[in-house]
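Written below as structure tokens is the structure these notes are about.
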Ligand SMILES: [Fe+2]
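Have a look at this one:
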């Protein structure tokens with residue numbers, strides 16, 4: 008992959024159904040939209056009609072939840088062919104999915120489940136990402152998921168696992184800053200170590216979101232404003248990774264669109280102030 012495969016889009020928000028009318032009627036000033044791939048795979052109908060109109064005015068990115076890159080089931084060739092067709096039609100800036108598995112034995116568990124962090128899993132997932140990239144004829148981004156339990160078989164940290172998979176697959180990374188924070192709390196590691204360890208040249212997008220505090224653990228619910236701890240982790244990431252597109256994810260208790268828009272504006276303001284402050288002490292300069 009090259010950095011130019013993932014252009015800087017600025018500060019966007021997820022395209023969500025409650026906002027369709029507002030967006031089509033007012034053309035709000037956001038830089039780009041991320042759409043959940045699976046909601047637009049069926050030709051015809053309202054969702055595709057909305058996406059046609061959104062695409063006329065904004066860059067979009069396709070963000071999927073169904074590749075099941077870590078599963079031991081065969082890759083879903085039919086899904087990938089439909090995704091390739093969707094990408095040819097809408098020309099997204101890029102395609103992303105998660106570093107996880109979502110089912111096995113033909114059963115879909117409808118959840119983004121973590122992998123054991125082992126050499127064997129690195130080889131397995133990286134080879135599948137390479138197959139996906141060949142089918143889609145482009146490099147993809149893989150996103151770190153949040154987790155609540157760890158595999159006893161793991162032999163390395165999550166950030167070493169993510170970095171090794173991305174290197175071996177030669178793909179990019181969608182760094183979900185909230186997921187880093189949630190998993191750091193749940194597993195008891197320092198989130199700054201994660202940010203400081205991921206390869207600079209592979210990070211091409213951030214996710215910013217809120218979570219729920221359940222006392223003993225944090226739950227990745229995407230139903231709250233971005234909390235101060237996640238903002239400060241984002242600023243650390245900006246100082247290390249440089250010019251990287253950011254996206255506000257809000258999937259439940261979805262507020263009015265202006266709230267999402269002002270969150271994207273806050274990401275922009277924090278980006279410029281953090282970038283002006285220069286690299287964090289342990290960080291290295293971004294090589295564009
Ligand atoms: Fe995310």
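In this note's numbering, the protein residues as written are 8 to 295.
For glycine and all other residues, C-beta sits at the position ideal for the given N, C-alpha and C.
Check	Outcome
Beta-carbon proximity check, residue 70 vs residue 44, cutoff 8 Å	yes
Boundaries (first-last residue) of the beta strand (DSSP E) holding residue 59	Per DSSP, residue 59 belongs to no beta strand (DSSP E); it is in the alpha helix (DSSP H), 52-64.
Residues near residue 26 by beta carbon distance below 6 Å, same chain, minus five either side	264
Where residue 59 falls, given that 16 or more other Cβ within 10 Å makes a residue buried	exposed
Own chain residues within Cβ distance below 6 Å of residue 173, not counting five before or after	180, 209
Cα-Cα separation between residue 86 and residue 236, rounded to whole angstroms	37 Å
Every unbroken alpha helix (DSSP H) within the segment 116-154, with a cutoff of 4 residues, ordered by chain	126-143
Status (buried if at least 16 other CB within 10 Å, exposed otherwise) for residue 221	exposed
Same chain, Cβ closer than 6 Å to residue 290, neighbours up to 5 away in sequence not counted	Per-residue confidence for residue 290 stands at a pLDDT of 40, beneath the threshold of 50, marking its modelled position as unreliable; no derived number is given.
Residue 211 in three-state terms, based on DSSP	strand
Any non-hydrogen atom of ligand 1 within 7 Å of residue 115 CB	no
Within 8 Å, strictly: CB atoms of residue 250 and residue 13	no
Best match in 244, 57, 32 for proximity to residue 23 [C-alpha to C-alpha]	57
Beta-carbon proximity list for residue 204, same chain, < 6 Å, skipping 5 on both sides	166
C-beta atoms of residue 231 and residue 219 nearer than 8 Å	yes
For residue 6: DSSP bridge partner residues	This structure does not reach residue 6, given that the chain is present from 8 up to 295, and the question cannot be answered.
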